[in-house]
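Participant: Right, I'll just put the structure down here and ask away after.
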Amino acid sequence: MIVSNREIANRLEDIFKELNNSDYHVNPFFRISKATPEQMKKYQFIHSKFPRSTVLIYSFFSIPVNIIKLLIYLFCSIIFSYQYKTYNYETHEGKILFLSHAIGANITKVDGDQFFALMPEYLHKKKQKVVVLYTNHNLTGYRKNSKLLKSKGSEIDRHLIPKFLKPHENIDYLRSIIPASIRCLFYGLQNLLSNPINSILFIKSSTTFYSRSTYSNYLVCQRVQKYCLNNDLKTLIMTFEGHSYEQYILQKINKNQPNLSFILYQHSPVVADHYGIEHFLKTNSRNFIVLTTGIFYEKLFKNFSNIPKYQILGSSKAETHFVDSVENPKIQVLFAPEGTMTATVSFLRLINYLRSMNPQLLFSVRLHPNLKRNLIVNFLIKRLETKSNFLVSTYSLSEDLIKSKYVFYRSSAVGVEALMSYAFPVFYGNLNDQGLNVLGKYLTVFPIVTNLKDASQYLKTEQFFVSKEQRVNIFDEMFSKIDYEKLYSVLNI
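Position in the sequence shown (from 1) plus 1 gives the number in my numbering.
Here it is as structure tokens:
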């Protein structure tokens with residue numbers, strides 16, 4: 002059985018409507034934020050030869066596994082409860098709360114935030130009481146990371162959310178997910194013969210209520226909700242990427258605090274396969290504000306829904322100027338995978354293939370700052386570093402673009418940022434990945450490469466010239482210069 006990513010995303014929205022309970026957004030299984038190969042792995046069972054039998058067997062064996070998971074969560078919540086002594090947000094009152102992410106370089110970054118740039122600092126200078134909560138992406142190092150976040154160069158209160166719930170909160174968590182899991186299983190069995198695809202999605206979703214990602218969504222919502230209730234908060238500002246927790250938090254808090262203002266900021270490029278953003282906007286009935294990085298995304302979002310208020314805020318990525326190329330002894334080819342293992346491994350293997358066939362070229366990889374390198378990535382890099390025409394870039398993006406003739410990307414913002422140079426952006430991905438292309442609207446200008454042989458041939462083909470004016474115009478549509486005054490006016494302060 003072959004089902005497209007789009008159909009899976011639509012089916013998930015259909016069964017969610019049938020369940021008719023917004024609290025089920027705590028389970029990220031129901032919402033495909035972006036159809037990357039990494040996200041689609043959990044739906045691969047649909048394509049198996051006997052999907053219903055596969056899911057039923059999996060569900061049966063997952064029962065003891067899920068019981069063990071719950072016991073581990075409870076045990077860890079006791080072991081890691083010391084983190085709540087550091088997480089003492091009640092002592093600091095804020096009127097504006099940012100929900101950011103303590104991941105990768107954002108922990109040590111001192112000049113602003115990877116996601117919100119200098120928005121918190123700007124509002125703080127305007128005499129606003131600002132607090133930043135960070136989602137926790139690391140099992141260990143809580144005290145160290147918390148200190149690093151608190152030591153950022155401003156007087157803004159910053160707090161790292163603990164990794165687990167408080168021990169007693171696990172009871173409410175179980176009361177929330179167990180009835181939902183049983184209900185989904187019941188719906189799945191009901192549809193087993195009449196609607197096979199919906200049936201297996203229901204049954205599979207019943208097991209994912211016990212996943213770590215569901216637990217994390219519930220945890221983050223609890224911390225944000227408690228902060229909102231314990232402080233006279235006026236505005237909550239979150240990133241906007243189409244993840245289920247975004248809609249879950251918005252709906253959950255809106256029930257208890259209908260006067261609280263919500264602002265969602267689209268900080269990164271949105272692609273055709275960003276189903277989560279599309280479905281969020283189409284199913285939403287609440288008023289909130291969406292800040293976009295450019296007019297291209299404002300128009301796109303308005304096609305989905307006119308309920309939110311849209312405002313072009315811009316992006317810190319637009320602070321750079323157009324850079325001219327420089328002469329190099331060797332033509333350089335830059336590779337910029339997004340911050341996932343699958344994409345990074347795929348690009349490193351592509352480099353290994355192209356490097357051997359094009360010894361006259363210099364191949365450079367720009368690793369994502371939030372990438373957690375595993376053994377495979379480290380092995381591939383170590384092997385490539387023994388070659389004279391390969392390097393791992395430690396330069397700024399502008400320095401890389403100045404020296405590069407081509408920039409291979411998939412869903413990374415670097416594909417857009419490359420337009421502010423004469424480097425030629427090249428989309429690399431499988432045929433099923435075309436919806437991840439950040440320059441998908443401009444296929445007639447910037448082509449795609451889908452396999453190793455085509456990539457090698459592409460490097461030997463003379464490309465037609467794309468003027469500086471064309472490049473800058475496309476870039477400006479997506480990333481306009483950030484205007485913090487607009488944020489201030491949107492808040493109606």
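Even glycine gets a Cβ: it sits at the ideal position worked out from N, Cα and C.
#1: Quick check: what's the CA-CA separation for serine 60 versus alanine 319?
#2: Look up phenylalanine 165 in the DSSP assignment and say whether it is helix, strand or coil.
#3: Output the boundary residues of the alpha helix (DSSP H) element that contains lysine 153.
#4: List the residues that DSSP assigns as beta-bridge partners of asparagine 137.
#5: Say whether chain D places a C-beta atom closer than 8 angstroms to the C-beta of tyrosine 219.
#6: Assuming isoleucine 483 and serine 317 are in contact, meaning their beta carbons sit under 8 angstroms apart, how far apart are those beta carbons, in whole angstroms?
#7: Just how far apart, CA to CA, sit phenylalanine 391 and valine 378?
#8: With distances taken Cα to Cα, identify the nearest neighbour of aspartate 325 among Phe81, Leu444, Asn371, Met421.
#9: Does DSSP classify threonine 92 as helix, strand or coil?
#10: Quick check on the DSSP output: the beta strand (DSSP E) that includes tyrosine 266 runs from which residue to which?
#11: With distances taken between CB atoms, is the gap from valine 225 to isoleucine 254 smaller than 8 angstroms?
#12: List the whole-angstrom C-beta distance separating methionine 41 from glycine 295, where the pair is believed to meet the contact cut-off of C-beta under 8 angstroms.
#13: If you scan the segment 251-328 from start to end, which runs of the alpha helix (DSSP H) of 4 or more residues do you find wholly inside it?
#14: Measuring only the C-alpha atoms, how far is threonine 92 from aspartate 158?
#15: Quick one, which of Tyr489, Leu119, Arg384, Gly416 has its alpha-carbon nearest leucine 398's?
#16: Can you check whether the CB of leucine 220 is closer than 8 angstroms to the CB of cysteine 229?
#17: Just checking, does the segment 96-110 make contact with the segment 127-136 on the three C-beta pairs under 8 angstroms criterion?
#18: Based on Cα-Cα distance, which residue from Asn139, Ser155, Asn146, Phe116 lies nearest to lysine 128?
#19: Could you give the distance in angstroms between the alpha-carbon of lysine 164 and the alpha-carbon of histidine 244?
#20: I'd like the list of long-range same chain contacts for glutamate 8, defined as Cβ closer than 6 angstroms, with 5 residues on each side in sequence excluded.
#21: Does the segment 364-372 come close enough to the segment 100-110 that 3 or more CB-CB pairs lie under 8 angstroms?
#22: Cα separation between aspartate 434 and valine 446?
#23: Using the three-state DSSP reduction, which class does phenylalanine 30 fall into: helix, strand or coil?
#24: With threonine 293 and leucine 314 assumed to form a contact (beta carbons below 8 angstroms), what rounded beta-carbon distance in angstroms separates them?
#25: Applying the criterion that 16 or more other CB atoms from any shown protein chain within 10 Å of the CB defines a buried residue, is leucine 376 buried or exposed?
#26: From the DSSP output, in three-state form, read off arginine 374 for me.
Facilitator: Inspection of the coordinates gives the following:
#1: 48 angstroms
#2: DSSP, reduced to helix, strand and coil, places phenylalanine 165 outside both helices and strands of the structure shown, so it counts as coil.
#3: Lysine 153 -> no alpha helix (DSSP H), and no H or E assigned at all.
#4: Ala103
#5: The structure shown contains no chain D; it is built from a single protein chain.
#6: 5 angstroms
#7: 15 angstroms
#8: Met421
#9: Caution applies to threonine 92, whose pLDDT of 49 falls short of 50 and renders its modelled position unreliable; the value that the coordinates give is listed next. Three-state result, threonine 92: helix.
#10: 262-266
#11: Yes, they are a contact pair.
#12: In fact, because the Cβ distance is near 28 angstroms, the residues do not count as touching under 8 angstroms.
#13: 276-284, 296-305
#14: Its pLDDT being 49, under 50, threonine 92 is placed unreliably in this model, and the value from its coordinates should be taken loosely. Cα to Cα, threonine 92 sits roughly 10 angstroms from aspartate 158.
#15: The shortest C-alpha separation from leucine 398 is found at Gly416.
#16: no
#17: yes
#18: Ranking Asn139, Ser155, Asn146, Phe116 by CA distance to the CA of lysine 128 puts Ser155 first.
#19: 19 angstroms
#20: none
#21: Contact between the segment 100-110 and the segment 364-372 is present, because at least three Cβ pairs lie under 8 angstroms.
#22: Near 18 angstroms, if we compare the C-alpha coordinates of valine 446 and aspartate 434.
#23: helix
#24: 7 angstroms
#25: Burial check for leucine 376: the Cβ neighbour count within 10 Å stays below 16, so the residue is exposed.
#26: coil
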